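J.:
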Amino acid sequence: MAEIMLKFTHVPRSMPDKRPAKQRASDFHEIYDGFSPDAARSQASRCSQCGVPFCQQGCPLANNIPDWLRLAADGRLEEAWRTSSATNNMPEICGRICPQDRLCEGICTIEQSGHGTVTIGSIEKYITDTAWKEGWVTPIKPPRERKQSAGIVGAGPAGLAAAEQLRRKGYKVTVYDAYDRGGGLLVYGIPGFKLEKDVVERRIRYLEDSGVKFKFKTRIGEKVTLQKLRDSHDSVLIATGVYAAKDLKCPGVGSEGVFAALDYLTASNRKSFGDAVPDFDSGALDAKDKKVVVIGGGDTAMDCVRTAIRQGAKSVTCLYRRDRANMPGSQREVQNAEEEGVVFEWLANPDAILDSKGKAKAVRAGKMKLGEPDASGRQSPVKTGETFDVKADMVIKALGFDPEDLPALFEEPALAVNRWGAIKVDYRTMETSLPGVYAAGDIVRGASLVVWAIKDGRDAAEAMHKAMKAAEAAAKVAAE
35 MAEIMLKFTH VPRSMPDKRP AKQRASDFHE IYDGFSPDAA RSQASRCSQC GVPFCQQGCP
95 LANNIPDWLR LAADGRLEEA WRTSSATNNM PEICGRICPQ DRLCEGICTI EQSGHGTVTI
155 GSIEKYITDT AWKEGWVTPI KPPRERKQSA GIVGAGPAGL AAAEQLRRKG YKVTVYDAYD
215 RGGGLLVYGI PGFKLEKDVV ERRIRYLEDS GVKFKFKTRI GEKVTLQKLR DSHDSVLIAT
275 GVYAAKDLKC PGVGSEGVFA ALDYLTASNR KSFGDAVPDF DSGALDAKDK KVVVIGGGDT
335 AMDCVRTAIR QGAKSVTCLY RRDRANMPGS QREVQNAEEE GVVFEWLANP DAILDSKGKA
395 KAVRAGKMKL GEPDASGRQS PVKTGETFDV KADMVIKALG FDPEDLPALF EEPALAVNRW
455 GAIKVDYRTM ETSLPGVYAA GDIVRGASLV VWAIKDGRDA AEAMHKAMKA AEAAAKVAAE
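Residue numbers (my numbering): 35 to 514.
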């Protein structure tokens with residue numbers, strides 16, 4: 035049966051490559067190879083064997099997966115793409131980076147019956163890439179242009195999804211972002227071997243061609259206040275994401291060679307654009323020829339270990355305080371990393387960063403065991419008292435992200451947040467404590483998946499539309 039495979043020029047995917055990491059740095063071509071029409075039809079046709087399409091229930095966007103799979107199986111790709119894009123503003127992105135093994139593919143009925151999952155993500159990517167290639171994706175032309183406008187803070191997936199939905203309704207939309215490019219973590223957080231940057235740039239150009247305005251290098255609270263946005267627009271959406279890195283609390287964390295994951299990934303991604311990155315060019319944020327230790331077990335940690343491999347690290351070790359079954363990251367990503375030569379030290383928690391003359395030289399890790407379940411339902415790691423050292427020239431902290439202090443940054447103390455710093459919203463309307471101001475994505479739910487951000491952006495846009503439409507109707511009645 036034809037299946038799409040990742041192209042690794044050095045070794046079959048079923049076998050780990052045991053060569054030194056630096057010898058493999060140029061061997062990786064992570065992005066899926068082109069899916070042939072025959073392969074697409076072969077995989078998609080497997081869906082017809084399914085009597086209970088659980089896959090749709092496993093998708094946060096409730097994508098009509100069975101319908102567009104059947105259309106693809108029949109060779110009706112344009113219809114398949116239109117069905118897919120009706121509920122997903124970025125199917126070409128979700129097809130590449132969604133953890134399908136934890137969502138639609140993981141709950142696939144055929145997979146549950148032991149016959150192997152339908153490769154839903156690969157087909158989604160193939161359908162949408164074909165749509166772009168064939169010119170089916172055209173700029174938005176709203177049925178009517180409205181006088182009202184919306185301001186969106188953040189050009190990440192939640193903000194971009196909301197911008198598209200509002201533009202389709204005919205609203206004037208302006209997106210403000212602190213970075214110099216649109217996409218947020220899609221551009222600067224996710225490595226190019228998982229998500230090609232021109233794919234994100236193409237989506238930004240599509241929105242620009244559709245009439246959405248972007249104002250980059252605009253940090254709210256500095257050049258523009260939130261109040262000014264409220265005065266300039268009929269509705270405002272906060273979709274900033276979460277960028278405050280959780281820090282490691284142990285001796286030696288301030289040593290030279292210890293970095294936050296986002297600083298490391300951003301430097302690597304900026305180099306792929308050809309930007310000047312002094313900290314990378316100096317060698318500080320370049321893993322080449324270094325012994326790298328990454329601390330964490332989420333998808334960001336997997337991005338870091340696999341980036342380090344591609345940069346030619348001498349060795350790459352991942353420390354995670356729980357076992358493999360309890361890690362939050364994608365198991366598919368872990369398998370990929372293992373095949374690429376990453377060493378995983380499970381049930382290991384950093385006790386200290388050991389240094390020599392202020393420079394990191396090793397991580398002292400405490401061995402853990404799993405105890406009683408915590409509030410998340412996972413077993414809590416408990417110290418055993420044993421330790422071991424892992425040599426390291428570079429230590430990357432990939433412990434997750436918290437919200438920034440937006441009420442202070444935006445100079446808006448009336449913006450209510452919860453005890454974790456995430457913005458409080460009325461989940462029926464996505465409206466914040468400030469009338470006419472909405473919020474969506476990670477800044478509301480905490481660090482999560484791109485697909486959830488897209489859903490939140492769509493939901494917020496619909497609520498904003500209803501509110502602006504009601505205001506327009508009220509103003510019309512008052513004028514009469």
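The beta-carbon is built from N, C-alpha and C at its ideal position, and this holds for glycine as well.
Just so you know, these numbers come straight off a predicted model, no measurement behind them.
Mark residue 399 as exposed unless 16 or more other C-beta atoms lie within 10 angstroms of its C-beta, in which case mark it buried.
T.: Buried.
J.: Cβ atoms of residue 465 and residue 497: under 8 Å apart, would you say?
T.: Their beta carbons are under 8 Å apart, which means residue 497 touches residue 465 by this criterion.
J.: Within 10 angstroms of its Cβ, does residue 237 collect 16 or more other Cβ (buried), or is it exposed?
T.: Buried is the call here.
J.: In whole angstroms, what separates the C-alpha of residue 108 from that of residue 487?
T.: If you take the alpha carbons of residue 108 and residue 487, they lie about 32 Å apart.
J.: Within 8 Å of any Cβ in chain B, is that where the Cβ of residue 358 sits?
T.: In summary, chain B is missing from the structure at hand, where a single protein chain is found.
J.: What span of residues does the alpha helix (DSSP H) with residue 336 cover, start to end?
T.: Where residue 336 is concerned, the enclosing alpha helix (DSSP H) stretches over 333-344.
J.: Kindly list the residues whose CB is nearer than 8 Å to the CB of residue 345, restricted to its own chain and excluding five residues on each side of it in sequence; keep chain order.
T.: 59, 302, 320, 321 and 322.
J.: Have a look at the DSSP bridge pairing and note the partners of residue 185.
T.: According to DSSP, which records beta bridges pairwise, residue 185 is partnered with 208 and 270.
J.: Drop a sphere of 10 angstroms on the beta-carbon of residue 391, count the other beta-carbons inside from all chains shown, and report buried for 16 or more, exposed for fewer.
T.: Residue 391 is exposed by the Cβ-count criterion.
J.: Count Cβ pairs between the segment 273-284 and the segment 306-318 that sit closer than 8 Å; are there 3 or more?
T.: Contact between the segment 273-284 and the segment 306-318 is absent, because fewer than three Cβ pairs lie under 8 Å.
J.: I want to know whether the segment 465-479 touches the segment 256-269 - three or more CB-CB distances under 8 Å.
T.: Contact between the segment 465-479 and the segment 256-269 is present, because at least three Cβ pairs lie under 8 Å.
J.: Give me the residue from 205, 102 and 186 with the minimum Cα distance to residue 8.
T.: In this structure the chain extends from 35 to 514, so residue 8 is not present and cannot be described.
J.: So the beta strand (DSSP E) residue 498 belongs to, where does it begin and stop?
T.: Per DSSP, residue 498 belongs to no beta strand (DSSP E); it is in the alpha helix (DSSP H), 484-513.
J.: Count the CB pairs spanning the segment 187-197 and the segment 209-223 that are closer than 8 Å, and state whether there are at least three.
T.: Contact holds: three or more Cβ-Cβ distances are below 8 Å.
J.: Rounded to a whole number of angstroms, what is the C-alpha to C-alpha distance between residue 178 and residue 203?
T.: Approximately 8 Å, taken between the alpha carbons.
J.: With a CB to CB cut of under 6 Å and the five nearest residues on each side skipped, what residues in its chain are close to residue 327?
T.: Within the same chain, residue 327 has close Cβ partners 351, 397, 424, 426 and 429.
J.: Check for me: the alpha helix (DSSP H) holding residue 154 runs from which residue to which?
T.: 154-168 is the span of the alpha helix (DSSP H), which, as asked, contains residue 154.
J.: Suppose you measure from the CA of residue 118 to the CA of residue 492; what does that come to, to the nearest Å?
T.: In a straight line, the C-alpha of residue 118 is about 15 Å away from that of residue 492.
J.: Grab the span of the beta strand (DSSP E) containing residue 407 for me, first residue to last.
T.: Where residue 407 is concerned, the enclosing beta strand (DSSP E) stretches over 393-407.
J.: Who are the Cβ neighbours of residue 389 in its own chain at under 7 Å, not counting the five residues just before and after it?
T.: Result list for residue 389: 286, 289 and 395, in chain order.
J.: Could you pull out every residue in the same chain whose Cβ sits closer than 7 Å to the Cβ of residue 402, ignoring the five residues on either side in sequence?
T.: So the qualifying residues of the chain are 355, 381, 382, 383, 415, 416, 417 and 418.
J.: Ignoring anything shorter than 3 residues, give me the beta strand (DSSP E) runs that lie fully in the segment 236-261, in order along the chain.
T.: Here the runs fully enclosed are 247-249.
J.: With DSSP collapsed to three states, give me the class of residue 516.
T.: Within the shown structure, residues of the chain are numbered from 35 to 514, placing residue 516 beyond reach of any answer.
J.: In whole angstroms, what separates the C-alpha of residue 433 from that of residue 329?
T.: Using only the alpha carbons, I get a separation of about 7 Å.
J.: Around the Cβ of residue 360, are there at least 16 other Cβ atoms within 10 angstroms (buried) or fewer (exposed)?
T.: Under this definition residue 360 is a buried residue.
J.: Around the Cβ of residue 461, are there at least 16 other Cβ atoms within 10 angstroms (buried) or fewer (exposed)?
T.: Burial call: exposed.
J.: Please identify the residue among 499, 358, 483 and 505 whose C-alpha is closest to the C-alpha of residue 198.
T.: The residue with the shortest Cα to Cα distance from residue 198 is 499.
J.: Compute the beta-carbon to beta-carbon distance between residue 130 and residue 229, rounded to the nearest angstrom, for a pair I have assumed lies under 8 Å.
T.: Indeed they touch by this definition, with Cβ atoms about 5 Å apart.
J.: Name the DSSP bridge partner or partners of residue 306?
T.: Answer is none; residue 306 lacks a bridge partner.
J.: Residue 515 bridges to which residues according to DSSP?
T.: Only positions 35 to 514 of the chain appear in the structure, and residue 515 is not among them; the question remains open.
J.: Tell me which same chain residues have a C-beta within less than 6 Å of the C-beta of residue 444, skipping the five on either side of it?
T.: Answer for residue 444: 254, 255 and 260, listed in chain order.
J.: Taking 6 Å as the limit between beta carbons, can you name the residues of its chain near residue 270, skipping five residues before and five after?
T.: Here the set comprises 185, 263, 264 and 471.
J.: Using 8 Å as the threshold, is the C-beta distance between residue 244 and residue 201 below it?
T.: For residue 244 and residue 201, yes; Cβs fall inside 8 Å.
J.: Alpha carbon to alpha carbon, how far is residue 446 from residue 267?
T.: For residue 446 and residue 267, the distance between alpha carbons rounds to 17 Å.
J.: What are the partner residues of residue 294, as DSSP defines its beta bridges?
T.: BP columns for residue 294 point to 431.
J.: For residue 454, which residues in the same chain have their Cβ closer than 8 Å to its Cβ, ignoring the five residues on either side in sequence?
T.: So the qualifying residues of the chain are 436, 437 and 480.
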